[in-house]
Amino acid sequence: MSAIYEESKNEREPENIEEEEEAVDEEQSEAIQDVIEDVIEEIIQEDAAYDQFVEDIAEEITREVADELAREIVQIQDELDEVEEIISREIEQSEPVESRALTSNTQGRTFGSILASLSINLILPFINGLMLGFGEIIAHELGFHYNWFGANVSPL
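All residue numbers for the sequence shown refer to this note's numbering, where the first residue is 160 and numbers rise by one.
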């Protein structure tokens, strides 16, 4: 069989061989281009499917969090109503208190009363500010992590 191949190879003209090689090269490049286009199309479809999957999960998480918050708000409101009812009953049952003049006693200040006044007026607002700051930082991080309410982390 190799003898037949050698004879047919020798019978061909050099120009026809080059044309055949160019035709083969074109066919191969077209085949490669088709494969590349198919791979790109599959990647685009997979990317769209992944984006949809992420959106669905984010929507579900947001819905679950909103439901949980609504349940907690209802529970807190119920507890507040109960406390308000208890306080109103206590006020109705209590005896009237003798009225006293509300005057400040500035003469007999002790070290303890000064310390209590300073702690209420200086230390408690500082602690309150810290807690508010940390709460805001945590809320922002959760918002960015779960992309709540359109929160994005992108450069300006």
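The C-beta atom is built at its ideal place from N, Cα and C for all residues, glycine as well.
Supposed close pair residue i, residue j - CB separation, criterion 8 angstroms
| i | j | result |
| --- | --- | --- |
| Ala-225 | Tyr-305 | About 12 angstroms separates the two Cβ atoms, so there is no contact after all. |
| Phe-131 | Gly-302 | Any answer about residue 131 is impossible in this case: the structure gives the chain only from 160 up to 315. |
Limits of the alpha helix (DSSP H) - the one that residue i falls within
| i | result |
| --- | --- |
| Ser-253 | First-last for Ser-253: undefined, no H or E at that position. |
| Leu-289 | 283 to 305 |
| Phe-270 | 270 to 277 |
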